[in-house]
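S.K.:
Numbering (the working numbering), first residue to last: -2 to 306.
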């Protein structure tokens, strides 16, 4: 699906493509591919690169075309193994054409377009569009990080009640998400330096906008690092708790085995087919039972004092 957007006071959708307008392509079909490659003459190799799910943020050139690949955050509502992730988006530009291609439906692009309309933002050129998309990606990273923090807190509360594998796996998946976020934000940050080098001798470069984007990315990166450190500490703490609980259970089981072993040991001695010199003693059986109970009680008291029970 593609839309044609022209910037007036924010991006306004047009019925057909105009020079210097933005062609936004999401989940492209065969008709979109034909339009991009035959009508706009976009290099097919660029489209193949963007289709790679693991593509890292980078730039590439072919003729007068410039490809800029960014990583943007997405929420995977149908994927329980990875609730949040990142996907590539490619911005393909030349002197008159600006095309963005993303093979996934995201909340970022519709929100970005609506934001430009609401604020009346004027995007002057292709570099402005790329920088504002990076800025928007940092904002959405922060939004998803807040949700991740809430998920971490919920998982911690569940673990405080009862340590279950499901909750530990939930924390592990969130930790994996933070690693993806960290890598993508760093890659987008590196992209700004490359874009500054490419456009340093042009009138496209808006230093204030670049500075704002860098600040927002650093904030997102710092937040990722903070949550990652908290999550790592939480996982280590629960690992220690689990290990401590296992040790406590083993100590109790060992203590219980010893307490029960003493009566069994005495009964084994007195059950031997030898002369034990108690045949003539009245209430011999009762004495043996009381002696066994006394030894077990003494062992229980000793283990209780050393906190094995």
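Just so it is clear, CB atoms sit at the ideal spot from N, CA and C, and this is done for glycine as well.
Looking at C-alpha atoms only, which residue of 180, 288, 41 and 120 is the closest neighbour of residue 217?
M.R.: Taking only the C-alpha atoms, the option nearest residue 217 is 180.
S.K.: Count the CB pairs spanning the segment 188 to 206 and the segment 122 to 137 that are closer than 8 Å, and state whether there are at least three.
M.R.: Yes, since at least three Cβ pairs between the segment 188 to 206 and the segment 122 to 137 fall closer than 8 Å, the two stretches touch.
S.K.: Between which two residues does the alpha helix (DSSP H) containing residue 129 stretch?
M.R.: Residues 123 to 158.
S.K.: Tell me the rounded alpha-carbon separation between residue 44 and residue 157.
M.R.: The alpha-carbon atoms of residue 44 and residue 157 are separated by roughly 48 Å.
S.K.: DSSP three-state call for residue 10: helix, strand or coil?
M.R.: Reduced to three states, the DSSP call for residue 10 is strand.
S.K.: When you compare only the Cα positions, how much space is there between residue 63 and residue 56?
M.R.: Whole-angstrom Cα-Cα distance: 7 Å.
S.K.: If we ignore side chains and look at the alpha-carbon of each, how far apart do residue 285 and residue 263 end up?
M.R.: Taking the straight line from one Cα to the other gives about 8 Å.
S.K.: How many whole angstroms separate the CB atoms of residue 134 and residue 70, which I take to be in contact at a CB cut-off of 8 Å?
M.R.: The pair is a contact, with the Cβ atoms about 7 Å apart (cut-off 8 Å).
S.K.: For residue 161, which three-state DSSP category applies?
M.R.: Coil at residue 161, not helix or strand.
S.K.: The beta strand (DSSP E) spanning residue 214 covers which residue range?
M.R.: Careful: residue 214 lies outside any beta strand (DSSP E), inside the alpha helix (DSSP H) at 204 to 267.
S.K.: Please name the residue, chosen from 255, 281 and 256, that lies closest to residue 267 on a Cα-to-Cα basis.
M.R.: That would be 281, whose Cα lies nearest to the Cα of residue 267.
S.K.: Is residue 18 buried or exposed, if buried means 16 or more other CB atoms sit within 10 Å of its CB?
M.R.: Buried, since its Cβ has 16 or more Cβ neighbours within 10 Å.
S.K.: Bridge partners of residue 70, per DSSP?
M.R.: 83.
S.K.: What's the C-alpha gap between residue 39 and residue 33?
M.R.: Cα to Cα, the separation comes out at about 5 Å.
S.K.: Between which two residues does the alpha helix (DSSP H) containing residue 31 stretch?
M.R.: That run of the alpha helix (DSSP H) goes 27 to 31.
S.K.: Apart from the five residues on each side of it in sequence, which residues of its chain come closer than 6 Å, Cβ to Cβ, to residue 120?
M.R.: 4 and 126, listed in sequence order.
S.K.: Please list the terminal residues of the continuous alpha helix (DSSP H) segment that includes residue 283.
M.R.: Start and end: 281 to 302.
S.K.: Tell me, please, which residues DSSP counts as bridged to residue 46.
M.R.: Paired residue(s): none; residue 46 is not in a bridge.
S.K.: Tell me which residue opens and which closes the beta strand (DSSP E) that residue 110 is part of.
M.R.: Element bounds for residue 110: not the beta strand (DSSP E) but the alpha helix (DSSP H), 105 to 116.
S.K.: Take residue 37 and list the residues in its own chain whose beta-carbon comes closer than 6 Å to its own, dropping the five residues that flank it on each side.
M.R.: Answer for residue 37: 94, listed in chain order.
S.K.: Who are the near neighbours of residue 145 in its chain, counting only those whose CB is closer than 6 Å to its CB and skipping five residues on each side?
M.R.: Closer than 6 Å at the Cβ level, and outside the excluded window around residue 145, lie 171.
S.K.: Are there three or more Cβ pairs, one per stretch, closer than 8 Å when the segment 93 to 107 is compared with the segment 195 to 215?
M.R.: Touching, no.
S.K.: Is residue 3 helix, strand or coil when you go by DSSP?
M.R.: Strand, per DSSP.
S.K.: Can the beta-carbon of residue 255 be found closer than 8 Å to that of residue 296?
M.R.: A contact, by the Cβ cut-off of 8 Å.
S.K.: With a Cβ-Cβ cutoff of 8 Å, do residue 67 and residue 131 count as a contact?
M.R.: Result yes, Cβ atoms of residue 67 and residue 131 sit closer than 8 Å.
S.K.: Pick out whichever of 90, 50 and 290 has its Cα sitting closest to the Cα of residue 58.
M.R.: Out of 90, 50 and 290, 90 has the C-alpha closest to the C-alpha of residue 58.
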